[in-house]
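Participant: One structure, pasted below without further comment.
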Amino acid sequence: MNRRTRAEILESLREKERNRALILGTGAGTGLSAVAEEKGGADLIIAYATGRYRMAGRSSMTGRFAFGDANAETVRMAAELRPLVRHAPLIAGVFAQDPFRDMDAFLDELTALGYEGVQNIPGMGGQEIMEGAGCAAALEAVGYGFAREAELVRKAHRRGLLTTPYCSRPDHLKLLVEAGADVLVLHMGLTGRESDHSMVITPLERCAERINALSQLAKELDPHVIVLCHGGPIVSTVEMRYLMQRCPRLAGFYGASTIERIPVEQALMQSVRAFGALTLSSKRRV
Numbered sequence: 224m225n226r227r228t229r230a231e232i233l234e235s236l237r238e239k240e241r242n243r244a245l246i247l248g249t250g251a252g253t254g255l256s257a258v259a260e261e262k263g264g265a266d267l268i269i270a271y272a273t274g275r276y277r278m279a280g281r282s283s284m285t286g287r288f289a290f291g292d293a294n295a296e297t298v299r300m301a302a303e304l305r306p307l308v309r310h311a312p313l314i315a316g317v318f319a320q321d322p323f324r325d326m327d328a329f330l331d332e333l334t335a336l337g338y339e340g341v342q343n344i345p346g347m348g349g350q351e352i353m354e355g356a357g358c359a360a361a362l363e364a365v366g367y368g369f370a371r372e373a374e375l376v377r378k379a380h381r382r383g384l385l386t387t388p389y390c391s392r393p394d395h396l397k398l399l400v401e402a403g404a405d406v407l408v409l410h411m412g413l414t415g416r417e418s419d420h421s422m423v424i425t426p427l428e429r430c431a432e433r434i435n436a437l438s439q440l441a442k443e444l445d446p447h448v449i450v451l452c453h454g455g456p457i458v459s460t461v462e463m464r465y466l467m468q469r470c471p472r473l474a475g476f477y478g479a480s481t482i483e484r485i486p487v488e489q490a491l492m493q494s495v496r497a498f499g500a501l502t503l504s505s506k507r508r509v
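The numbering of the sequence shown is the numbering used here, which starts it at 224 and goes up by one.
Listed below in structure tokens is the structure:
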């Protein structure tokens, strides 16, 4: 394992940005995913409960429910992924709202397990969109709000961990930058094609507008912060190329379903169909 410091990781990412090379973060729900992503050149690999659920054939939305202990899953995944990921920084998905964990002690545990950074997932960002404003306000009133995620970033930053939080709102962005976020991942919502009417997907043009507004604010607050995007209609390099051409402050992409789930689904279906389409030899003897 080639473990690098926060400063070394950031220098590597900024070197790519200076060279106009896209920075790529990837979610890994299995060891196989992590190995393939590293071989493919991922700059960051993130381990978290939602990725595990997704690669178990469940919706990414599963991570928003109490089907399991998200932070315990991140701990378990270290044993699977850390021995396999040799060069790319391994980032831990942390549920900052966890009422049964001391976050200072938990961050120390994650560091000892070999994680080099953190991301706020599962998180409260987008809560008002997915569960409604009333639900978000009720959770905030009893202490389960985004401020906890900003505090997670602050604690991790003080420990020298890389911080790569999700963000979807200007007020949340300000909290994260003030807390010392290194990489902001602008979340465009659930991943899916705009033509998929079973989901509410933000139009690509609207994503470009949001990314430009949020990235401009981020750079005004901290010129050194790195800005990536995630989710929404970005399901291939076609959509990402569209955004890169229209969003000058955007440095890269963080892919979860786009990198890990969708390609695997497509490859498996194509392979099975190809074999299933074969016919037996006419000379075969029964």
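Positions of the beta carbon are idealized from the N, C-alpha and C atoms, including for glycine. What you are looking at is a predicted structure, and each value in this text was computed from that prediction instead of being measured.
Go through its chain and collect everything with a Cβ distance to Y338's Cβ below 7 Å, but skip five positions before and after it.
Facilitator: Excluding positions up to five away in sequence, the list reads A301, L313, I314 and A315.
Participant: Does the beta-carbon of R484 have 16 or more other beta-carbons within 10 angstroms, so that it is buried, or is it exposed?
Facilitator: R484 is buried by the Cβ-count criterion.
Participant: In angstroms with no decimal places, state the Cα-to-Cα distance between L247 and R507.
Facilitator: Approximately 50 Å between the Cα atoms of the pair.
Participant: Rounded to the nearest angstrom, what separates C452 and V487 at their Cα positions?
Facilitator: Approximately 21 Å, taken between the alpha carbons.
Participant: In three-state terms, what does DSSP make of Y338?
Facilitator: Coil at Y338, not helix or strand.
Participant: Spatial neighbours of R275 within its chain, please: C-beta separation below 8 Å, excluding the five flanking residues on both sides.
Facilitator: G252, T253, E296 and M300.
Participant: Can you check the segment 380-450 for any alpha helix (DSSP H) of at least 4 residues that lies completely inside it and give the ranges in chain order?
Facilitator: The segment 380-450 contains these whole alpha helix (DSSP H) runs: 393-402 and 427-444.
Participant: Can you tell me which residues form a DSSP beta bridge with C452?
Facilitator: L409 and F476.
Participant: Going along the chain, which unbroken runs of the alpha helix (DSSP H) with 4 or more residues stay wholly within the segment 255-308?
Facilitator: Segments of the alpha helix (DSSP H) lying fully in the segment 255-308: 272-277 and 293-304.
Participant: Between F290 and T273, what straight-line distance do the alpha-carbon atoms span, to the nearest angstrom?
Facilitator: Roughly 11 Å between the two C-alpha positions.
Participant: Quick one: what does DSSP say A315 is sitting in, helix, strand or coil?
Facilitator: In the structure shown, A315 sits in a strand (DSSP, three-state: E or B).
Participant: From the DSSP secondary-structure annotation, give me the bridge partner or partners of G248.
Facilitator: Its beta-bridge partners are L267 and Y477.
Participant: Since A257 and L330 should fall inside the 8 Å C-beta cutoff, what is the C-beta to C-beta distance between them, to a whole number of angstroms?
Facilitator: Going by Cβ atoms, the distance from A257 to L330 rounds to 21 Å, so no, they are not a contact pair.
Participant: Between the segment 490-506 and the segment 435-455, do three or more beta carbon pairs fall short of 8 Å?
Facilitator: Judged by Cβ distances under 8 Å, the segment 490-506 makes no contact with the segment 435-455, as fewer than three pairs qualify.
Participant: Tell me the rounded alpha-carbon separation between A490 and A364.
Facilitator: A490 and A364: Cα-Cα distance of roughly 45 Å.
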